[in-house]
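Student: Structure provided below as structure tokens; questions to follow.
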Amino acid sequence: MRYKSELNNAYKLKEGYYVTKLGYATLMKVSYNTVDYYTRKGLPSIDFNKKTVLIEVFSAWQWLKKNKYLEDRTEEMEKRLQLLARMLDSKGKAESVNLWNFEMQLDGKKYEDLTAADIETPKKYLIIKRLR
Numbered sequence: 026m027r028y029k030s031e032l033n034n035a036y037k038l039k040e041g042y043y044v045t046k047l048g049y050a051t052l053m054k055v056s057y058n059t060v061d062y063y064t065r066k067g068l069p070s071i072d073f074n075k076k077t078v079l080i081e082v083f084s085a086w087q088w089l090k091k092n093k094y095l096e097d098r099t100e101e102m103e104k105r106l107q108l109l110a111r112m113l114d115s116k117g118k119a120e121s122v123n124l125w126n127f128e129m130q131l132d133g134k135k136y137e138d139l140t141a142a143d144i145e146t147p148k149k150y151l152i153i154k155r156l157r
């Protein structure tokens, strides 16, 4: 596996982070309906409230690989998880990751590259630590 050493670093976070359904759909580039389908099939998740499902990021990743839902997207998803892990690690004890910044970094954009429309985009903090 090309990214094995980086993935080992990513797994230091293990199951300490959850993501909302919207955050997970953004992270994995899938639709809400796909997330619902995964959760019905057994994707590791917990109910947060009636409107939100929290998904355990790294357990969900392992489940998707084991059940062969990623097909040829494995490498792309590993890159996404590595970036997520780096963003969480760089903030020390970060409790959230801004998905807007996440998407920017994934696309290799810097602040100077942004358009006015990008800057007006609402920022969403959707990846949060395990509930106590």
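First residue of the sequence shown? That's 26 in this note's numbering, and the numbers climb one at a time after it.
Built from N, CA and C at the ideal position, the CB exists for glycine as well.
Remember, predicted model here, so these are calculated numbers, not experimental data.
Can you list, in chain order, the residues of its chain with a C-beta nearer than 8 Å to that of residue 102? Leave out the 5 residues immediately preceding and following it.
Tutor: In the sequence shown, the residue the question calls residue 102 occupies position 77. Excluding sequence neighbours, residue 102 sits near 53, 86, 89, 95.
Student: Applying the 10 Å Cβ sphere with the 16-neighbour rule, what's the burial state of residue 81?
Tutor: If you number the sequence shown from 1, residue 81 lands on position 56. That one is buried.
Student: Would you identify the three-state DSSP class for residue 70, choosing helix, strand or coil?
Tutor: On the sequence shown, residue 70 is found 45 positions in, with the first residue counted as 1. Three-state result, residue 70: strand.
Student: For the alpha helix (DSSP H) holding residue 44, just list the boundary residues, first then last.
Tutor: As a first step, residue 44 is located in the sequence shown; it is residue number 19 there, counting from the start. Where residue 44 is concerned, there is no enclosing alpha helix (DSSP H), although the beta strand (DSSP E) it sits in stretches over 42-45.
Student: By a C-beta neighbour count over all protein chains shown, 10 Å radius and 16 as the cutoff for buried, is residue 43 buried or exposed?
Tutor: By one-based count along the sequence shown, residue 43 stands at place 18. Residue 43 is buried by the Cβ-count criterion.
Student: Helix, strand or coil: how does DSSP classify residue 123 here?
Tutor: As a first step, residue 123 must be located in the sequence shown, where it is residue number 98. Strand.
Student: List the residues that DSSP assigns as beta-bridge partners of residue 79.
Tutor: The residue you call residue 79 lines up with position 54 of the sequence shown. The partner list for residue 79 (beta bridge, DSSP) reads 45, 71.
Student: If we count the other Cβ atoms within 10 Å of its Cβ and call it buried at 16 or more, is residue 115 buried or exposed?
Tutor: Taking the sequence shown and counting its residues from 1, the one referred to as residue 115 is at position 90. Residue 115 should be labelled exposed.
Student: Count the other CB atoms within 10 Å of the CB of residue 65; is the residue buried (16 or more) or exposed (fewer)?
Tutor: The residue given as residue 65 occupies position 40 in the sequence shown. With fewer than 16 other Cβ atoms within 10 Å, it is exposed.
Student: So, is residue 62 buried or exposed, given that buried needs 16 or more other C-beta atoms within 10 angstroms?
Tutor: Numbered from 1 along the sequence shown, position 37 holds the residue referred to as residue 62. It counts as exposed.
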